[in-house]
Amino acid sequence: MARIARMHQERLTNKVSKKRPEYRHPSGLLLGFSANDQTLIRDALLYHIGNF
């Protein structure tokens, strides 16, 4: 599973089978937070810390 996730995360090429050409996986964010997610989390934490 980790190998498949890494292929997509880093847009690596892979042979689907021995007789087929290589395939470049489309890029996609599989893990992590978007910039908007990070801003929402930071703001929520700062709000709760400020009201502690």
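All residue numbers for the sequence shown refer to the numbering used here, where the first residue is 1314 and numbers rise by one. A virtual CB, placed ideally from N, CA and C, is assigned to each residue, including glycine.
For Arg-1337, three-class secondary structure by DSSP
strand
DSSP three-state call for Asn-1364: helix, strand or coil?
coil
Strictly by DSSP, which residues pair up with His-1326?
Note that residue 1326 corresponds to Thr in the displayed sequence, not to His. Note: Thr-1326 sits in a beta bridge opposite Arg-1337.
Whole angstroms are fine: how far does the CA of Arg-1319 sit from the CA of Gly-1313?
Residue 1313 cannot be examined here, being either before or after the span of the chain that is shown, 1314 to 1365.
By how many angstroms is the C-alpha of Leu-1353 removed from the C-alpha of Asn-1364?
17 Å
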